[in-house]
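Peer 1: Using the numbering used here, read the sequence shown as starting at 10 and increasing by one per residue.
Where is the CB? At the ideal position from N, CA and C, for every residue including glycine.
Source: prediction; values computed, not measured.
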Amino acid sequence: MTVLVLGAGLIGGLTAQLLAQRGDPVVMADVRAGAAPQGVQRVTCDVTDQAALKALMQAHGVRDVVHTAAWLSTAIRQDPLKGIGVNIMGTANVLECARTLGLRRVVLASSTTVTYTGFAAHGPQPIEEDLPLHVISERPASIYAACKLAGEHLAHLYHDLYGVDAVSLRYAAVLGDLGNITSVPGRLLQTLVQAGQSGQVVQLDDPFLVWGGREEFVDARDCARANVCALDAPHPQQRVYHIADGQWHRLGDFVAAVRRLYPALQVTWPDQLTTGFAGFPHQRPAPSDHRQAQRELGFVCAHGLPDSIAHWASLAPAQTHIRP
Ligand SMILES: NC(=O)c1ccc[n+]([C@@H]2O[C@H](COP(=O)([O-])OP(=O)(O)OC[C@H]3O[C@@H](n4cnc5c(N)ncnc54)[C@H](O)[C@@H]3O)[C@@H](O)[C@H]2O)c1
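1. Output the boundary residues of the beta strand (DSSP E) element that contains Q275.
2. Would the beta-carbon of R51 be found less than 6 Å away from any heavy atom of ligand 1?
3. With respect to the beta strand (DSSP E) encompassing H69, which residues constitute its N-terminal and C-terminal limits?
4. Starting from Q212, follow its DSSP beta bridges and name the residues at the other end.
5. Where are the alpha helix (DSSP H) runs, 4 residues long or more, that stay fully inside the segment 229 to 287, in chain order?
6. Is L90 near ligand 1, going by C-beta to nearest heavy atom under 6 Å?
7. How many Å lie between Q134 and A295 at the Cα?
8. Have a look at A164, I20, T83 and A45 and flag the residue whose alpha-carbon is nearest the alpha-carbon of A101.
9. With a threshold of 7 Å between beta-carbons, can P89 be considered close to chain C, or not?
10. Whose CA, out of V14, C238 and V211, lies closest to the CA of A79?
11. Select from D55, M37 and A273 the residue whose C-alpha is nearest the C-alpha of V95.
12. Contact check, V340 vs L23 under 8 Å by CB: the rounded distance?
13. Taking just the CA atoms, how far does A107 sit from G160?
14. Does the separation of the CB atoms of G307 and C238 fall below 7 Å?
15. Check each candidate in L62, Q67 and Q26 and name the one with the smallest Cα separation from V49.
16. Could you compute how far the alpha carbon of Q301 sits from the alpha carbon of Y171?
17. Hey, how far is the Cα of T191 from the Cα of T284?
18. Does the segment 55 to 69 touch the segment 261 to 271, meaning 3 or more C-beta pairs lie closer than 8 Å?
19. Which stretch, first to last residue, makes up the alpha helix (DSSP H) that contains S317?
20. Please report the straight-line C-alpha distance between S151 and S82, rounded to a whole angstrom.
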């Protein structure tokens, strides 16, 4: 029975590759045409088109779905209505297909940004998935996070009301391939790698690319492995899991990890940073608690920040391109 990977971007592509390597029949669908890893069939499908999505699943005998198709935070801010359509209705369409076709399991890509507004009221203990959030005063700080939280709620409700086996994975800030950037962490790494390659001094003055305190990152290869673990987990109970390694890093640590590869790298950033990552007003008080992912999914990150930066920087094209 086939696994459908929705979204052929950074994490979707790596997930489809892992599944194909272990011999699973895999179809990968994206609204854009493009390449596919070896052993993976790529098709064009828009997740907002419920009828097309259902027909695709029926045609390929799909049993499991890993849903990574989305508009990321920068894109959704520029065109909120279209982004909300993809991120909320796309997810609702996947869950509805799971209900009506009786799929075995759905894995949804969520984000640790859903917890950011709880930071101010949180102590130094690891940030639990079941974080108390006041629905008004601690509401999501971005349309992106609101969509991710809505997706998690819908997944829980499709499980409670209809028995749909859906699991949400909250990835930390993801580091991956620098050839086709859509994410804030990708843009940060790309900016530093380009400065390292060119020898030019870089001034980090974009408030989205800097943070006060410490922030956590995860390698896209670990996200892909977490998706596969979530498909395989025998009894996921909590249904929402942090995908992170328990480490958190200052901006200076991040820059130092890039400087190990480019010793002449020169970077400046503001002395006083009062905001957190990606322009959020709250600074992280602790790393995310990732122990439940280990207990219930059997997943542990394999790549720490320096390893991740070294890997993706080594594959970076000399001239990378920022996709708007
Ligand atoms: N990259 C990060 O830092 C990060 C962090 C936390 C969570 N996430 C989540 O992980 C998932 C994967 O992220 P990524 O980094 O691989 O992003 P990506 O931008 O590389 O991939 C997303 C893919 O979705 C596709 N897509 C967009 N609209 C679509 C539609 N209507 N129908 C079908 N496909 C469509 C895009 O074409 C793209 O290929 C997303 O849900 C994202 O929100 C990412």
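Peer 2: The structure says:
1. Here residue 275 refers to the residue found at position 266 of the sequence shown. From DSSP, Q275 is part of no beta strand (DSSP E); its letter is neither H nor E.
2. Start at 1 with the first residue of the sequence shown, and residue 51 comes out as number 42. It does not: the Cβ of R51 is nowhere closer than 6 Å to a heavy atom of ligand 1.
3. Within the sequence shown, numbered from 1, the residue matching residue 69 stands at position 60. Segment Q59 to H69 is the alpha helix (DSSP H) holding H69; no beta strand (DSSP E) there.
4. On the sequence shown, residue 212 is found 203 positions in, with the first residue counted as 1. According to DSSP, which records beta bridges pairwise, Q212 is partnered with T277.
5. 229 to 241 and 260 to 268
6. Locating residue 90 in the sequence shown gives position 81, counting from the first residue. False, no ligand heavy atom lies under 6 Å from that Cβ.
7. Reading the sequence shown from its first residue, position 125 is the one you call residue 134. Reading the sequence shown from its first residue, position 286 is the one you call residue 295. So the two alpha carbons sit approximately 6 Å from each other.
8. Position 92 of the sequence shown, counted from the first residue, corresponds to residue 101. The shortest C-alpha separation from A101 is found at A164.
9. Structure shown: chain C not included; a single protein chain is present.
10. Residue 79 sits at position 70 when you count from the first residue of the sequence shown. Ranking the options by Cα distance to A79, first place goes to V14.
11. Against the sequence shown, residue 95 aligns to sequence position 86. Of D55, M37 and A273, the residue nearest in Cα terms is D55.
12. One cannot answer for residue 340 here, as it falls past the ends of the chain, which runs 10 to 333.
13. Walking along the sequence shown from the start, residue 160 turns up at place 151. Walking along the sequence shown from the start, residue 107 turns up at place 98. Near 14 Å, if we compare the C-alpha coordinates of A107 and G160.
14. Working through the sequence shown from its first residue, we reach residue 307 at position 298. Working through the sequence shown from its first residue, we reach residue 238 at position 229. Yes, the Cβ-Cβ distance between G307 and C238 is below 7 Å.
15. Taking the first residue of the sequence shown as 1, we reach residue 49 at position 40. Taking only the C-alpha atoms, the option nearest V49 is Q26.
16. Sequence index remark: in the sequence shown, residue 301 carries index 292 (1-based). Sequence index remark: in the sequence shown, residue 171 carries index 162 (1-based). About 24 Å.
17. Here the question's residue 191 lines up with position 182 in the sequence shown. Here the question's residue 284 lines up with position 275 in the sequence shown. Distance between the alpha carbons of T191 and T284 is about 22 Å.
18. no
19. Within the sequence shown, the letter at position 308 stands for residue 317. Per DSSP, S317 belongs to the alpha helix (DSSP H) from L314 to S323.
20. Translated into positions along the sequence shown, residue 151 becomes position 142. Translated into positions along the sequence shown, residue 82 becomes position 73. Spanning the two alpha carbons is a distance of roughly 8 Å.
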